[in-house]
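Peer 1: The structure's right below; bear with me while I get my questions together.
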Amino acid sequence: MRWYISPSKLHPIHQQHTSSCWKGCVGKADFIHNWWWCPKIKEFWLMVIKEIEIILDIKIPFLPEIILLECWKHPYIPSSKQKACSILLSSAKTTWASLWKKEKIPTLASWHGRIWDYYILSKMEFIGSTDYDKKNFEKCIALWFPILSYLTSKKILPKNT
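Position 39 of the sequence shown, counted from 1, bears residue number 36 in our numbering, the numbering being contiguous throughout.
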């Protein structure tokens, strides 16, 4: 398990570290800044949300409780699209976390690659499950169809092909 200690928490422990944002902005880099308030991360989240809205044909409000915590209690996202939205948001969060201490900002291409990774894992999970029947196969196809249709229409293919 990895722990993500923000610069503002790391600075008192190790004085050689600054409490400034690793992405180069001037904000105090606490955990919520690194995941939400930093102007550079906002750019990334806006790009991701715009793509998810196109992929799933939904409107997502730019709220941290929905994007970071995936709180679906609000009627913003239909229940039929919540799992697909969760996959897309989870892949975006892991893309961001992979560049946690770097000044580099994730690109949509790196996020797209992570989505393909999630798809491959999902396919392996389905094939390895004991519930390998037509009904579950149709659920899996329904879940991934809009995502894969979008990626292939934009000629965004997995790294290995």
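Even glycine gets a Cβ: it sits at the ideal position worked out from N, Cα and C.
These numbers come from a predicted model, not from an experiment.
1) Hey, would you say the C-beta of residue 34 is under 6 Å away from at least one heavy atom of the ligand MN?
2) Measure the C-alpha to C-alpha separation of residue 35 and residue 41 and round it to an integer number of angstroms.
3) Between which two residues does the alpha helix (DSSP H) containing residue 137 stretch?
4) Under 7 Å between the Cβ atoms of residue 81 and residue 145?
5) Classify residue 126 as helix, strand or coil using the three-state DSSP reduction.
6) Quick check: what's the CA-CA separation for residue 73 versus residue 32?
7) Cβ of residue 91 within 7 Å of Cβ of residue 108?
8) Give the straight-line distance between the Cα atoms of residue 110 and residue 94, rounded to the nearest whole angstrom.
9) Tell whether a beta-carbon distance below 7 Å holds between residue 88 and residue 112.
10) Does DSSP classify residue 80 as helix, strand or coil?
11) Only counting the same chain, and skipping five residues up and downstream in sequence, which positions put a Cβ closer than 8 Å to that of residue 133?
12) Within 10 Å of its beta-carbon, does residue 100 have 16 or more other beta-carbons around it, so buried, or fewer, so exposed?
13) Identify whether residue 61 lies in helix, strand or coil by the three-state DSSP scheme.
14) Within 10 angstroms of the Cβ of residue 61, are there 16 or more other Cβ atoms? Answer buried if so, exposed if not.
Peer 2: If we stick to the structure as given:
1) The ligand MN is not part of this structure, which contains no ligands at all.
2) Looking up residue 35 in the sequence shown gives position 38. Looking up residue 41 in the sequence shown gives position 44. Cα to Cα, residue 35 sits roughly 10 Å from residue 41.
3) On the sequence shown, residue 137 is found 140 positions in, with the first residue counted as 1. Looking at the DSSP string, the run of the alpha helix (DSSP H) that includes residue 137 is 131 to 150.
4) The count along the sequence shown starts at 1 and reaches residue 81 at position 84. The count along the sequence shown starts at 1 and reaches residue 145 at position 148. Going by C-beta atoms, residue 81 is not nearer than 7 Å to residue 145.
5) Working through the sequence shown from its first residue, we reach residue 126 at position 129. Residue 126 falls in the coil class under three-state DSSP.
6) The count along the sequence shown starts at 1 and reaches residue 73 at position 76. The count along the sequence shown starts at 1 and reaches residue 32 at position 35. If you take the alpha carbons of residue 73 and residue 32, they lie about 22 Å apart.
7) One-based indexing of the sequence shown puts residue 91 at position 94. One-based indexing of the sequence shown puts residue 108 at position 111. Taking 7 Å as the Cβ cut-off, residue 91 and residue 108 do not qualify as a contacting pair.
8) Mapped onto the sequence shown, residue 110 falls at position 113. Mapped onto the sequence shown, residue 94 falls at position 97. Distance between the alpha carbons of residue 110 and residue 94 is about 14 Å.
9) To locate residue 88, count along the sequence shown from 1; it is residue 91. To locate residue 112, count along the sequence shown from 1; it is residue 115. Yes, Cβ-Cβ distance for residue 88 and residue 112 is below 7 Å.
10) Position 83 of the sequence shown, counted from the start, is the residue given in the question as residue 80. Of the three classes helix, strand and coil, the one that applies to residue 80 here is helix, per DSSP.
11) As a working note, residue 133 is residue 136 in the sequence shown. Taken in chain order, the residues that qualify are 123 and 126.
12) Along the sequence shown, one-based indexing puts residue 100 at 103. Per the 10 Å Cβ criterion, exposed.
13) Position 64 of the sequence shown holds residue 61. Residue 61: helix per DSSP, three-state reduction.
14) Against the sequence shown, residue 61 aligns to sequence position 64. Exposed, by the Cβ-count rule.
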